[in-house]
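A short worksheet on the structure shown next.
Protein chains: 2
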Amino acid sequence: MDGSKTTPTPGESTSTPGAQPPAPVLVACAQLPLAVGDLVGNRAAADRAIEAAAAAGVGVLVLPELANSGYVFRDAAHAAELAEPLDGPTVTAWAAAAARHGMVIVGGFCERDEDGAVRNSAVLVDPTGVRALYRKAHLFGTEKAVFVPGDTRPPVVETAVGRIGVMVCYDLEFPEWVRDVALRDAELLCAPVNWPLFPRPEGERAAEVVRVQADAAVNRMFVAACDRTGTENGVEWTGGSVITDPDGFPLAGPATETGESLLVAACALDQARDKRIGEHNHVFADRRPELYSR
Amino acid sequence: MDGSKTTPTPGESTSTPGAQPPAPVLVACAQLPLAVGDLVGNRAAADRAIEAAAAAGVGVLVLPELANSGYVFRDAAHAAELAEPLDGPTVTAWAAAAARHGMVIVGGFCERDEDGAVRNSAVLVDPTGVRALYRKAHLFGTEKAVFVPGDTRPPVVETAVGRIGVMVCYDLEFPEWVRDVALRDAELLCAPVNWPLFPRPEGERAAEVVRVQADAAVNRMFVAACDRTGTENGVEWTGGSVITDPDGFPLAGPATETGESLLVAACALDQARDKRIGEHNHVFADRRPELYSR
């Protein structure tokens, strides 16, 4: 399964003239404490979050990056040992839960691909099964020693509640990558992340949150970034999960509490189809791609 | 004079092995109250700011967009009437002041070009004269009825204090445009802006400021955006001038006071030459341009 196969043609329109705007969907981020190597405990944490989200009426749930394995591996062999195939227990459980609850789940997992390579991957599952598999293309820190980067564009999936793009963590810091899903009409970008805590000036939001706000605003789409909480082998997580509107303002988060939490925001995803700012501007039509270099 | 002629080759290195890092330079934004059509008053406001900045030891001063003319024109004829050529009184005065005080000045002005077209332009002047002319490529709101957009890439100028990129206001909301000057080794991006005040949730920074923070962070360069203050023909300005470091955190501003103000920040511009994040990452080398579309 390849993310690019689920990717519609760029510019394909999804709006139906005369159709009623859909009701807002509840989008949630499950900010979880995970532990590297604790496959059973991590799966249980995701299960708890899924059941809580379903009980709250959530339509789209985002789980953190590497939600099956944890993040702070001893080495590449450790990651390989924890990796599982797309049809392994983690994604199978998420797909079953999506079908059971009629929801969309986007989560990150440590994947062993069909050639045995270890990938930092994310899936989008819905009641019909696995809709997209994405492999992180921009690797951070020691991930470079552990994972093979993906080399296909991030997926945009037409779901029952709207068009959803998927990427992972450091990918969000490349505006070209975010633009790519936006130009394919993603209304909501879901990003499993693991943001290590960096120092920041008193009173400032984490720079990762600020970049998510800008990602949303310049593309006029919703973004849901689901972070970790707690510490793991000496790495402290930012715990900065956030759901932003197309103006870039937070609808939920950034999370500040420690411990397990579920951020929920009602998102009228059809608002993201409107790329106009006032009467005279349109953030896509105003682009000058003929002048842009890569 | 064409901005592109002053643009060095992409990727050209400016560091000298073994050289001492230069002392931090004081960068300033002069947030001015301007009035459309008041050419004499507007020029006087810029003059006051230049003298105050010089007295404070400022090395790089940024003035607002359309600092000669004001912004809220009645119509295209009104803008044409206020426009002046590159060798008109405004840029001539700025160049003389730059020479007198040994400083760099970046300011926006309403330009009548060599063919008589009206442009929303910015110049970079230093003690040697006019180093770059840039014409805003992404026009906002009713500007589309008034100005001819530029069609050349934003300049990056090697000055005595560092490499400086120039663009104007809405240009900052196109990450492709910001990336372009960063990839040509701009250490500081100076942007004259006029940010009309939009509603925002209580406690939130203006979205324009957030986008500037992200522009800085994803490219690891300094950004100085110089806004207006006050109101003009019913348009209230955000007054959100800000100078950010390469992490995207504000060094000065965002301004909150109303009235004329000078924001000053000491910027060690050579820090922007280092695109590394930790041991394993480099925000340019980590890009995957072969996968990016335009």
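Top to bottom, those sequences are chains A and B. Numbered according to the numbering used here, the first sequence spans residues 54 to 347. Numbered according to the numbering used here, the second sequence spans residues 54 to 347. Note that the Cβ used here is the ideal one computed from N, Cα and C, for glycine as well.
- In summary, residue 197 of chain B is exposed, with fewer than 16 beta-carbon neighbours lying within 10 Å of its beta-carbon over all protein chains present.
- Taking 8 Å as the upper bound for CB-CB distance, residue 209 of chain A and residue 203 of chain A are not in contact here, some 15 Å apart.
- At least one CB atom of chain B sits nearer than 8 Å to the CB of residue 344 of chain A.
- With a cutoff of 8 Å on beta-carbon distance, residue 120 of chain B and residue 148 of chain B are scored as not near each other.
- The Cβ-Cβ distance between residue 230 of chain B and residue 293 of chain B does not fall below 8 Å.
- Judged by DSSP in its simplified three-state form, residue 223 of chain A adopts helix.
- If you draw a straight line from the Cα of residue 165 of chain B to the Cα of residue 321 of chain B, it comes to about 36 Å.
- According to the DSSP assignment, residue 283 of chain A belongs to no alpha helix (DSSP H), since it is labelled neither H nor E.
- Contact annotation for residue 190 of chain A against chain B: 341 and 344 [CB-CB distance below 9 Å, chain order].
- In terms of Cα proximity to residue 318 of chain A, the closest of A:282, A:278 and A:331 is A:278.
- Under the three-state reduction of DSSP output, residue 268 of chain A falls in the helix class.
- Counting C-beta atoms within 10 angstroms of its own C-beta, residue 335 of chain A has fewer than 16 neighbours from the protein chains shown and is therefore classed as exposed.
- For residue 162 of chain B, DSSP records a beta bridge to B:174.
- Taking CB atoms only, residue 232 of chain A has a neighbour in chain B less than 8 Å away.
- Chain B has a Cβ within less than 8 Å of the Cβ of residue 264 of chain A.
- Just so you know, the alpha carbons of residue 343 of chain A and residue 346 of chain B end up roughly 12 Å apart.
- Residues of the segment 285–314 of chain B that bring their beta carbon within less than 7 Å of a beta carbon in chain A comprise 300, 301 and 302, in sequence order.
- The Cβ of residue 118 of chain A sits no closer than 8 Å to any Cβ of chain B.
- In the displayed model, residue 95 of chain B falls within a helix according to three-state DSSP.
- By the CB criterion at 8 Å, residue 246 of chain A and residue 117 of chain A fall inside the cutoff.
- Shown here, residue 134 of chain B sits in a helix according to DSSP, grouped into three states.
- Among the CB atoms of chain A, none fall inside 8 Å of the CB of residue 150 of chain B.
- In the DSSP annotation of this structure, the continuous segment of the alpha helix (DSSP H) that includes residue 229 of chain A starts and ends at 228–236.
- Nearest neighbour of residue 195 of chain A by Cα position, chosen from A:91, A:173, A:184 and A:179, turns out to be A:173.
- Nearest to residue 307 of chain A by alpha-carbon distance, out of A:244, A:259, A:129 and A:91, is A:259.
- Per DSSP, the continuous alpha helix (DSSP H) segment holding residue 142 of chain A begins and ends at 142–154.
- Using a Cβ distance threshold of 8 Å, residue 177 of chain B and residue 185 of chain B count as a contacting pair.
- The beta carbon of residue 319 of chain B does not come within 8 Å of any beta carbon belonging to chain A, so the residue lies off that interface.
- Contact of residue 201 of chain B with chain A by beta-carbon distance below 7 Å is absent, the smallest such distance being about 13 Å.
- Among the residues of chain B, none has a CB under 8 Å from the CB of residue 126 of chain A; the nearest is roughly 14 Å distant.
- Residue 79 of chain B and residue 276 of chain B have their C-alpha atoms roughly 13 Å apart.
- Linking residue 215 of chain B to residue 312 of chain A through their CA atoms gives a straight-line distance of about 45 Å.
- It is roughly 21 Å from the alpha-carbon of residue 240 of chain A to the alpha-carbon of residue 315 of chain A.
- Residue 274 of chain B has its alpha-carbon roughly 8 Å from the corresponding atom of residue 324 of chain B.
- Contact annotation: residue 221 of chain A and residue 262 of chain A have beta-carbon atoms that are not nearer than 8 Å.
- With fewer than 16 other Cβ atoms from the protein chains shown falling within 10 Å of its own Cβ, residue 251 of chain B counts as exposed.
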